[in-house]
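Residue numbers (this note's numbering), protein chains in the order written: chain A, 190 to 468; chain B, 190 to 468.
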C-alpha cells in the first residue's frame with residue numbers, strides 16, 4: 190500500500206518513519222519546504238519525495254500533517270481530486286474548523302478526521318523519531334461521517350504505529366485539548382518570557398535545567414508557526430481556559446500578598462489531586 | 190565523621206543516602222515524624238535515628254533539611270548548643286529570612302547557609318534517591334560570615350555528593366529562585382487546578398500523560414506544606430514574578446481574543462529564546 194504523508198515535520202516525519210518500516214508499505218512524502226524535502230530523504234523518513242499532485246495519484250491514503258490552517262484550506266481541494274478507493278486523514282491538533290470546512294462536501298465520507306495525541310517540543314524532519322505513538326491515544330472525530338472502509342483503513346494505520354483509537358465530537362475534542370494541551374503550551378511560553386526578562390544575564394550562574402523550571406518551560410521551545418495556527422483555530426476554548434488559569438493565579442497571588450498560608454496550602458492540596466487523573 | 194541530618198524527606202533523605210555510602214561517614218538521622226523515623230531506618234537512609242539533642246552532641250556537622258520556617262526557628266537555638274568544632278548548614282529553598290534569623294548571633298560563624306538546587310515532585314523518606322545532586326549547583330550565601338574551617342568542611346560535603354558550590358547574597362538568591370523555581374511551582378499548581386475543574390469526569394478518556402500537560406503540571410504533585418513555607422518566606426519576590434507572569438498571560442489572552450496571530454507568534458518566537466539559557 191502507498192501512503193502519502195504531506196508535511197514531514199515532527200508528527201508527519203515520525204509517522205512516516207514507523208510506517209516505512211512495515212512490510213508492504215511505501216511512504217511517499219510531500220513537503221513544500223525544499224530543505225525539508227532533502228532532509229526527509231537523507232534521514233530515510235520516506236521512500237520518495239514527490240509533488241502533491243503525483244502523491245495524490247499514487248497513494249491509497251493521504252495523511253495531512255501540516256499546520257491546522259493549511260489543512261483546513263487544502264482538505265476540500267484534495268477531496269475533489271481523489272477517487273472512491275482513496276482516503277484522506279489528518280493529524281491536526283484542532284478539529285472543529287477542519288471538519289466544518291468539509292461538512293457539506295460531496296466527498297466527505299472519504300475523509301477521516303484524526304488527532305494522535307503525541308509530540309515533543311522539537312519540530313521539523315530532524316525531530317521525527319521512531320515509536321513516538323506507542324501507547325498513545327488517537328482521537329477520531331465524526332466517525333459516522335466517514336465511509337466504513339475509509340474509517341477501517343485509517344484506524345488500522347494508526348493502530349499499526351501503536352495508537353489506540355478513541356471517538357469524540359469535534360467541539361468536545363477542541364474544548365478538552367484547550368485544557369490538556371494548548372493551555373500548557375501558553376503557560377510554558379509565557380513562563381519562558383517572564384524568566385527571560387529577569388534572567389537574561391544570569392545564564393552563567395544557574396544551571397536552570399536542574400530546577401523545576403526545566404520541565405514547566407520545556408514546551409516554550411515549540412514551533413511558533415504550528416502553535417499560532419492551533420491557537421487561532423481554537424481561540425474560544427483556549428481563551429476560556431486561559432481566563433480560568435489567570436483567575437487561579439490571581440487568587441494565589443492574593444493569598445501570597447495577604448500572607449495567607451492557609452489559603453496557599455489549601456489551594457496546593459486541591460491541586461495535588463492531579464495525581465489521581467495523571468495515570 | 191558523624192553527620193546529623195535533621196529531616197529525612199526528599200532532600201535530607203537523598204543527602205543521607207549518598208553520605209552514608211561514603212567511607213568514614215556515619216549518618217545520624219533526626220525526624221519529628223515517627224513514621225518517617227521508621228521508614229528512614231527501614232530504607233537504610235541512616236545509620237541510626239536519635240533525638241535532636243543526642244544528634245547535636247554526637248555530630249561534627251548538622252544539616253537542617255526541614256521546612257524553611259522550621260529552619261528559621263530552630264537555627265538560632267541550635268547555634269547556642271554547639272561547640273566551636275561543630276558546624277550547622279541547611280538546604281532551605283529561601284535564604285534571606287534564615288540568614289537574618291542569625292545575623293547578630295554570636296555563633297554566626299559556625300553556620301553555612303546553603304541551598305542545593307535539586308529535587309523531584311515527590312516527598313518524604315520514600316522519595317529519597319541516590320545521586321540526586323550529581324552535576325547540580327549548590328548556592329552558598331554570605332560565605333564571608335562563616336568561619337573558614339566551617340565553610341571548607343560544608344563545601345567538601347556538598348562537593349562529595351556531586352554538587353558544584355556557587356556564591357550569592359541571600360536577597361539575590363531569593364529573587365532568582367522566585368523566578369526559576371518558585372514561579373514554576375505556582376504555575377504548575379494552578380494549571381493543575383484549572384484542568385481539574387474541567388477534566389474531572391474525563392479521566393477515563395484521556396491519557397493525560399501523553400500530552401504536553403504532564404510535564405507542565407508535574408510540580409503540582411509537590412508537597413503543599415514545604416511549598417507554602419517557601420512561598421511565605423519569599424512572598425515579595427514571588428509576588429513580583431507572579432505579577433509579571435500574569436501580565437504576560439493577559440497579553441497573550443488579548444492577542445488570542447483579538448485573533449492577532451502576528452502577536453501570538455511574535456511572543457512565542459521571543460519565548461523560544463529560552464533554548465539559549467537552558468543548557
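Glycine is no exception: its CB is placed at the ideal position from the N, C-alpha and C atoms.
The structure displayed is predicted, hence computed values, not measured ones.
Short CB-CB distance (under 7 Å) between residue i and chain A
i	result
residue 356(B)	no
residue 425(B)	no
residue 452(B)	no
residue 380(B)	yes
residue 206(B)	no
residue 300(B)	no
residue 415(B)	no
residue 340(B)	no
residue 383(B)	yes
residue 311(B)	no
residue 329(B)	no
residue 370(B)	yes
residue 375(B)	yes
residue 441(B)	yes
residue 360(B)	no
residue 462(B)	yes
residue 435(B)	yes
First and last residue of the uninterrupted alpha helix (DSSP H) at residue i
i	result
residue 204(A)	199-209
residue 451(B)	450-460
residue 278(A)	No alpha helix (DSSP H) contains residue 278(A), which is instead part of the beta strand (DSSP E) from 276-279.
residue 305(A)	Looking at the DSSP string, residue 305(A) is not in any alpha helix (DSSP H); the run it does join, the beta strand (DSSP E), is 300-305.
residue 435(A)	424-446
residue 225(A)	223-231
residue 265(A)	257-270
residue 465(A)	463-466
residue 290(A)	285-290
residue 309(B)	Where residue 309(B) is concerned, there is no enclosing alpha helix (DSSP H), given that its DSSP letter is neither H nor E.
residue 319(B)	No alpha helix (DSSP H) holds residue 319(B); DSSP gives it neither H nor E.
residue 403(B)	402-406
Residue span of the beta strand (DSSP E) that contains residue i, given as start and end
i	result
residue 355(A)	353-357
residue 384(A)	Element bounds for residue 384(A): not the beta strand (DSSP E) but the alpha helix (DSSP H), 372-388.
One or two residues paired with residue i in a DSSP bridge
i	result
residue 218(B)	194(B) and 238(B)
residue 326(B)	353(B)
residue 251(B)	193(B) and 277(B)
Cβ-Cβ distance between residue i and residue j below 7 Å
i	j	result
residue 264(A)	residue 225(A)	no
residue 374(B)	residue 408(B)	yes
residue 419(A)	residue 216(A)	no
residue 192(A)	residue 250(A)	yes
residue 339(A)	residue 369(A)	no
residue 314(B)	residue 430(B)	no
residue 283(A)	residue 303(A)	no
residue 464(A)	residue 465(B)	no
residue 305(B)	residue 458(A)	no
residue 366(A)	residue 322(A)	no
residue 441(B)	residue 451(B)	no
residue 312(B)	residue 199(B)	yes
residue 246(A)	residue 276(A)	no
residue 401(A)	residue 317(A)	no
residue 387(A)	residue 355(A)	no
residue 404(B)	residue 285(B)	no
residue 195(A)	residue 219(A)	yes
residue 433(B)	residue 383(A)	yes
residue 454(A)	residue 290(B)	no
Integer Cβ distance of residue i from residue j, believed to fall under 8 Å
i	j	result
residue 330(A)	residue 371(A)	Contact flag wrong, Cβ pair sits at about 16 Å.
residue 235(B)	residue 209(B)	7 Å
residue 462(B)	residue 380(A)	In fact, because the Cβ distance is near 13 Å, the residues do not count as touching under 8 Å.
residue 435(B)	residue 438(A)	5 Å
residue 207(A)	residue 343(A)	Contact flag wrong, Cβ pair sits at about 15 Å.
residue 448(A)	residue 421(B)	6 Å
Interface flag, residue i vs chain B, CB-CB below 7 Å
i	result
residue 410(A)	yes
residue 407(A)	yes
residue 438(A)	yes
residue 401(A)	yes
residue 322(A)	no
residue 225(A)	no
residue 212(A)	no
residue 446(A)	yes
residue 387(A)	yes
residue 428(A)	yes
residue 318(A)	no
Chain C within 7 Å of residue i, Cβ atoms only
i	result
residue 421(A)	Of the chains in the structure shown, none is chain C; the protein chains are A and B.
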